[in-house]
Amino acid sequence: MKNLKNNYYNPFFSHIYVEKAAKDHPRTKRILQKFPQANIIFIDHYKDVFCRKRQNFILQQKTQNLILGTKQGNLIYKGAPVCQNFGNESFYYASCIMNCVYDCEYCYLKGMYPSGNMVIFVNLEDIFDEVRNLLKKHAMYLCISYDTDMLAMEPVAGYTKEWISFAETQINLRKQLKIEIRTKSADARFWQTHSPVPGIIYAITLSPQAVIDAYEHKTPSLKQRLASAKEAIQRGFSVRLCFDPMLYCKGWELQYSEMLKQIFAEINMNKIEDVSVGTFRVSQDYLKKMRKNQPGSAVVQFPYQNDGGVYHYSKELTEQMEGFLTDNLKKELPENKIFLWKL
Ligand code: SF4
340 MKNLKNNYYN
350 PFFSHIYVEK
360 AAKDHPRTKR
370 ILQKFPQANI
380 IFIDHYKDVF
390 CRKRQNFILQ
400 QKTQNLILGT
410 KQGNLIYKGA
420 PVCQNFGNES
430 FYYASCIMNC
440 VYDCEYCYLK
450 GMYPSGNMVI
460 FVNLEDIFDE
470 VRNLLKKHAM
480 YLCISYDTDM
490 LAMEPVAGYT
500 KEWISFAETQ
510 INLRKQLKIE
520 IRTKSADARF
530 WQTHSPVPGI
540 IYAITLSPQA
550 VIDAYEHKTP
560 SLKQRLASAK
570 EAIQRGFSVR
580 LCFDPMLYCK
590 GWELQYSEML
600 KQIFAEINMN
610 KIEDVSVGTF
620 RVSQDYLKKM
630 RKNQPGSAVV
640 QFPYQNDGGV
650 YHYSKELTEQ
660 MEGFLTDNLK
670 KELPENKIFL
680 WKL
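In terms of the numbering used here, the sequence shown opens at residue 340 and continues consecutively.
In structure tokens:
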């Protein structure tokens, strides 16, 4: 949690809601031990708190509380069409933590969830069982850090570590499992205390510092993210660099070219897994809610174009921005390592 900037640093999770079914779970006990000062409130179901009507997402995110619950029903989902599959056919995602300690203005979670509080589902073993069942049928490309930043939550939940050891066992059993862990975290301790596992890709999202300052609140700086990516690569972890979402800002060409200069100076591009490029896009239902919640936010109030229920930049701007970035990346990377998201 050291990456969080001071003006946002509240005592984390001053109130923790615990679903009765999760009360005796070892993960609940382990997580609660980290917050000896917190007020613990027992509830029947996590949705009793998380899905209450008329909650203020933005206010709640400034003083986040935590809910420990159990996930029932569908535990693994098919990947959404607005997300990249990197050429993998069986593309799935898991949602074992909902919401994020970071506060990106453009984050689709602000349009998807009714609450800014965080939920950790403690019955991870049920999610693992479902993955095991699917792996009996086919290969899987599974993203486990879409509805949160799992690495940023590692000091609290320790779920990345659990996923790694689960995946390692499956991969050793010759199951065809590939996992992506997407993050803006820059906590180098993670690389120092874990080992690379083939098939686990750490997807580090990079943005120009001007974009980070304007929209990616509470996240580590570009310099910190690059230092972290560099260390991960040096220690043999598989690293994907994500320029997704690319965001329009004043002087975007200059901002993105400055960012690339910094990246090429710091990162050995021959050692990265691949890169992902995609301009901002979001479903119309989410954007409607995001606009209502953040009337003063330039990034959500931008006059996007709607195609088939997905808001995005105009064709011309999209091509300019993505073309600029991919042309520059091609100077350092073979084309087959550059994945460009297409509507
Ligand atoms: S880091 Fe990702 S999940 Fe977290 S707020 Fe930003 S965009 Fe959302």
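Using N, Cα and C, we set each Cβ at its ideal position, and we do this for glycine too.
Minimum C-alpha distance to residue i - residue among the options
i: Gln633; options: Pro420, Lys449, Ser434; result: Lys449
i: Phe389; options: Ser484, Ile611, Glu655, Glu358; result: Glu358
i: Ala496; options: Gly575, Phe663, Leu664, Arg369; result: Arg369
i: Ile518; options: Asp465, Ile543, Pro537; result: Pro537
i: Asn427; options: Ala478, Asn378, Ser484; result: Ala478
i: Thr367; options: Cys443, Ser454, Leu463, Met437; result: Leu463
i: Tyr541; options: His556, Tyr485, Thr558, Ala549; result: Tyr485
i: Cys588; options: Ser560, Ile551, Asp613, Lys610; result: Ile551
i: Met451; options: Gln640, Lys627, Asp646; result: Lys627
i: Pro559; options: Ala571, Ile572, Thr544; result: Thr544
i: Gly412; options: Asp465, Arg393, Ala566; result: Asp465
i: Tyr554; options: His533, Glu674, Val639; result: Val639
i: Leu682; options: Pro420, Ile483, His364, Glu469; result: Pro420
i: Trp530; options: Gln623, Ile503, Glu469, Val614; result: Ile503
i: Cys482; options: Arg393, Lys476, Arg521; result: Arg521
i: Lys600; options: Leu405, Asn667, Tyr385, Leu490; result: Asn667
Sequence-distant residues of the same chain with beta carbon closer than 8 Å to residue i, five excluded per side
i: Tyr416; result: Tyr431, Tyr432, Ala433, Ser434
i: Phe467; result: Phe505
i: Pro535; result: Arg574, Gly575, Phe576, Ser577
i: Asp383; result: Glu358, Lys359
i: Arg288; result: The structure shown does not extend to residue 288, since the chain is modelled only from 340 to 682, so the question has no answer here.
i: Lys500; result: Glu493, His533
Extent of the continuous beta strand (DSSP E) run through residue i
i: Leu679; result: 677 to 679
i: Pro584; result: 577 to 585
i: Leu405; result: 405 to 408
i: Asp646; result: 644 to 646
i: Ser504; result: First-last for Ser504: 498 to 511, but that is the alpha helix (DSSP H), not the beta strand (DSSP E).
i: Thr522; result: 516 to 522
i: Lys417; result: 415 to 417
i: Phe460; result: 457 to 460
i: Phe381; result: 378 to 382
Near the ligand SF4: residue i beta-carbon under 8 Å from a heavy atom
i: Arg521; result: yes
i: Glu555; result: yes
i: Asp383; result: no
i: Thr618; result: no
i: Asp486; result: yes
i: Ala433; result: no
i: Thr544; result: yes
i: Cys482; result: no
i: Thr558; result: yes
i: Asp442; result: yes
i: Ala298; result: The chain is shown from 340 up to 682; residue 298 falls before or after that span and cannot be answered.
i: Leu398; result: no
i: Tyr447; result: yes
i: Ala419; result: no
i: Ala360; result: no
i: Cys439; result: yes
i: Ala491; result: yes
Beta-carbon contacts of residue i that lie in its chain and below 7 Å, excluding the five residues immediately before and after
i: Asn424; result: Gly418, Phe430, Tyr480
i: Lys569; result: Glu605, Ile606
i: Pro584; result: Tyr445, Gly617, Thr618, Phe619
i: Glu671; result: Phe603, Met608
i: Phe663; result: Glu592, Tyr595
i: Ala525; result: Asn342, Pro559, Gln563, Arg564, Ala566, Ser567
i: Glu612; result: Ile540, Ser577, Val578, Arg579
i: Asn675; result: none
i: Lys610; result: Ile572
Own chain, CB closer than 6 Å to residue i, minus 5 neighbours either side, in chain order
i: Ile380; result: Tyr356
i: Met598; result: Pro547
i: Gln403; result: Asn456, Met457
i: Ala361; result: Thr367, Leu407, Gly408, Thr409, Val461
i: Trp680; result: Gln423, Gly617
i: Met437; result: Val458, Asp486
i: Cys439; result: Thr487, Asp488
i: Cys581; result: Ala542, Thr544, Ser615
Host alpha helix (DSSP H) of residue i (start-end)
i: Ala542; result: Where Ala542 is concerned, there is no enclosing alpha helix (DSSP H), although the beta strand (DSSP E) it sits in stretches over 539 to 544.
i: Asp468; result: 463 to 476
i: Leu599; result: 591 to 605
i: Gly662; result: 654 to 669
i: Ala433; result: No alpha helix (DSSP H) contains Ala433, which is instead part of the beta strand (DSSP E) from 430 to 433.
i: Val421; result: Neither: Val421 is in no alpha helix (DSSP H) and is coded neither H nor E.
i: Arg528; result: 528 to 532
i: Asp613; result: It is not in any alpha helix (DSSP H) - Asp613 instead sits in the beta strand (DSSP E) that spans 613 to 618.
i: Tyr625; result: 623 to 632
i: Tyr480; result: Run containing Tyr480: none in the alpha helix (DSSP H); it sits in the beta strand (DSSP E), 479 to 482.
Cutoff 9 Å: residue i Cβ touching any chain B Cβ
i: Glu555; result: Checking the listed chains, one finds no chain B in this structure; it contains a single protein chain.
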